[in-house]
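Student: Provided herewith is a single structure, encoded as structure tokens, for subsequent inquiry.
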Amino acid sequence: MELDYPTFIGAAKTTADGLKSVALGVGAGLGTIGPGIGVGYIFGKVIESVTRQPEMREEITSIQWLGFALTEAIVFYAFIFGLIAFFL
Amino acid sequence: MSRAAKIWIGVGIYLLIGIVLFVIFGSEGKNEGFKPQDEFKLHDWIPIHIGGLNLSINRAVLYLWLACILTAVTMIWIARRMQDRPNRVQTIVEGAYDLTYTQISKGNMPGGTAAKYFPFVATLFFFIWFSNMLGYIPLPTSHEKINIFGVDFPAFGLYAATANLSVPLVLTLAVFILYQVEGIRRHGLIRYLKGWLPAGVGGAAAVPIFIIEVISQFVRIISLSVRLFANILAGHLLILFMGGGLAVLLGLAALGWITLPIAVAFYIFEVGLVATLQAFIFATLTSIYFGEASAGGH
Chain A
1 MELDYPTFIG AAKTTADGLK SVALGVGAGL GTIGPGIGVG YIFGKVIESV
51 TRQPEMREEI TSIQWLGFAL TEAIVFYAFI FGLIAFFL
Chain B
1001 MSRAAKIWIG VGIYLLIGIV LFVIFGSEGK NEGFKPQDEF KLHDWIPIHI
1051 GGLNLSINRA VLYLWLACIL TAVTMIWIAR RMQDRPNRVQ TIVEGAYDLT
1101 YTQISKGNMP GGTAAKYFPF VATLFFFIWF SNMLGYIPLP TSHEKINIFG
1151 VDFPAFGLYA ATANLSVPLV LTLAVFILYQ VEGIRRHGLI RYLKGWLPAG
1201 VGGAAAVPIF IIEVISQFVR IISLSVRLFA NILAGHLLIL FMGGGLAVLL
1251 GLAALGWITL PIAVAFYIFE VGLVATLQAF IFATLTSIYF GEASAGGH
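Here the protein sequences come in this chain order: A and B.
Sequential numbering from 1 applies to the first sequence in the working numbering.
Sequential numbering from 1001 applies to the second sequence in the working numbering.
Take a look at the structure:
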């Protein structure tokens, strides 16, 4: 991928380039809201289930990390698609 | 003085130093010469061009080889000198073996498939893990040069084979093709494709749902590869920007003082959690896909 674009951060040459930077920032930022809620929900539920059934702790922990990683990755999908829109 | 007061005084002194630095050095204006995207650009070290193909040796190739060699050599070396009373390294590797065998493979695949594909899944896990961890060790591979006593040395930089989309994509394609082949071999083409439909769906509803299932199968290629690639790349970008990239870009030396602790925190987070977690996720999802294909149905 050739990234030799005059603007990546801070050096916008034209209004269109500046707007693209803003769009990338806003898009990636908005994309973190959903996964943020999701990650909080997962950990909240894990705390709830572990306090309810402490003997299930090990099993719950492994599922928790699976869910965490799957949810967290969505932030990066937003970021990557923002970058694609930025460079196209 | 209570502990809270001490902490607040420490934070205050820290911020004060930042402000003093800002007053002394001020802003040098925006830096137009430094392009952060060049940090991930691949320069041809040994150019090899065959027709339209560019098979040059570059940074990504070096990291890929390093990860391969490290994985193979460590595993073979430890397997050769297994002891009855394990030392610390052997204990760690046995723990990793147990993780890949019982939790990742056996937990998600039926018995026969687990025995057959455990080596594949474990290799994926260890290769991705070594590749990720290698990415957090600064190696002198950057194209930027630093001058020490008149000699140019390559600057230290972070890179990983998995921070380049091509490596996760190839791993994903291998997984995708292998589990489809496994499913077709076990059930036959027609029965395998029928197995994609959720139980109890029939008649006219089957066609649109089948199309959605086909799309979701192909979306797996994107999600599996981009998840690994983007996690590692974003981690490197965060460390790069917080560990001085922002300060250089904006020409504010004081900003570097403020953002450096954030860089250290992100570094610990990435090394301690993300590198291992992404390898674990990749291997787990692979074995879930294999389990689904060989068991049939949802």
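C-beta atoms are modelled at their ideal positions from N, C-alpha and C, and glycine is treated no differently.
On a predicted model such as this, the values are computed, not experimentally measured, just so you know.
Closer than 9 Å, CB to CB, is Y41(A) near chain B or not?
Tutor: It does not: the Cβ of Y41(A) has no partner Cβ on chain B nearer than 9 Å.
Student: Quick check for students: name the residue ranges of the beta strand (DSSP E) that lie wholly in the region 1145-1213 of chain B, counting only runs of 3 or more.
Tutor: Runs found: 1145-1148 and 1151-1154.
Student: Assign I1048(B) to one of three DSSP states: helix, strand, or coil.
Tutor: Of the three classes helix, strand and coil, the one that applies to I1048(B) here is coil, per DSSP.
Student: Using a Cβ-Cβ cut-off of 9 Å, state whether L1158(B) counts as contacting chain A.
Tutor: So, not an interface residue.
Student: In three-state terms, what does DSSP make of F76(A)?
Tutor: F76(A): helix per DSSP, three-state reduction.
Student: Count the other CB atoms, across all protein chains shown, that sit within 10 Å of the CB of M1082(B); report buried if there are 16 or more and exposed otherwise.
Tutor: It is exposed - the Cβ of M1082(B) has fewer than 16 other Cβ atoms within 10 Å.
Student: In whole angstroms, what is the alpha-carbon distance linking L88(A) and R1088(B)?
Tutor: So the alpha carbons of these two residues sit roughly 50 Å apart.
Student: Pick out whichever of L1277(B), F1153(B) and G1235(B) has its Cα sitting closest to the Cα of Y1136(B).
Tutor: With distances taken between Cα atoms, Y1136(B) lies closest to G1235(B).
Student: Using 9 Å as the threshold, is the C-beta distance between F1290(B) and E1182(B) below it?
Tutor: Yes, they are a contact pair.
Student: Going by CA-CA distance only, name the one from S1294(B), I1017(B) and S1225(B) that's closest to Y1192(B).
Tutor: With distances taken between Cα atoms, Y1192(B) lies closest to S1294(B).
Student: If you drop the 5 nearest sequence neighbours on each side, which residues of the same chain put their C-beta closer than 6 Å to that of E1270(B)?
Tutor: Excluding residues within five positions, the ones whose Cβ falls inside 6 Å are G1235.
Student: Give the DSSP-derived three-state secondary structure of L1139(B) in the structure shown.
Tutor: Strand at L1139(B).
Student: Compile a chain-ordered list of the residues in the region 1136-1170 of chain B whose CB is closer than 9 Å to at least one CB of chain A.
Tutor: Residues passing the 9 Å Cβ filter: L1165.
Student: Whole angstroms is fine: what's the gap from P54(A)'s alpha carbon to L1055(B)'s?
Tutor: Cα-Cα distance, rounded: 54 Å.
Student: Compute the Euclidean distance between the alpha carbons of V1011(B) and V1121(B), then round it to the nearest angstrom.
Tutor: If I take the Cα positions, the gap works out to 46 Å.
Student: Flag this pair as yes or no: are the beta carbons of Y1267(B) and Y1159(B) separated by less than 9 Å?
Tutor: No. Outside cutoff.
Student: Check each residue of the region 35-65 of chain A: if its Cβ is closer than 7 Å to any Cβ of chain B, include it; give the result in chain order.
Tutor: The residues in question are S62 and W65.
Student: Helix, strand or coil for S1002(B) per DSSP?
Tutor: Three-state result, S1002(B): coil.
Student: Just to confirm the assignment, what range does the alpha helix (DSSP H) spanning T1286(B) have?
Tutor: Start and end: A1275 to A1295.
Student: The region 1217-1236 of chain B: which residues have C-beta closer than 7 Å to a C-beta of chain A, in chain order?
Tutor: If the cut-off is 7 Å between Cβ atoms, the region 1217-1236 of chain B has V1226, R1227, A1230, N1231 and A1234 near chain A.
Student: Within its chain, find whatever has a CB closer than 8 Å to the CB of I1209(B); leave out the 5 residues flanking it on each side and keep chain order.
Tutor: Same-chain partners within the cutoff: L1197, P1198 and V1201.
Student: Whole-angstrom Cβ separation of T1162(B) and S1131(B), contact assumed at under 8 Å?
Tutor: About 5 Å; that satisfies the 8 Å criterion.
Student: Taking beta-carbon pairs under 7 Å, can you tell me which members of the region 1281-1296 of chain B lie near chain A?
Tutor: From the region 1281-1296 of chain B, only I1281 and T1284 have a Cβ closer than 7 Å to chain A.
Student: For L66(A), which residues does DSSP report across the bridge?
Tutor: For L66(A), which the question treats as bridged, DSSP gives no partner whatsoever.
Student: If you measure from the CB of L1193(B), is any heavy atom of the ligand NAP nearer than 8 Å?
Tutor: For the structure depicted, the ligand NAP is absent and the ligand set is empty, with no information on it obtainable.
Student: What span of residues does the alpha helix (DSSP H) with G1272(B) cover, start to end?
Tutor: It is not in any alpha helix (DSSP H) - G1272(B) carries neither H nor E in the DSSP assignment.
Student: Counting only beta-carbon atoms, is L1064(B) nearer than 9 Å to chain A?
Tutor: Not one chain A Cβ lies under 9 Å of L1064(B).
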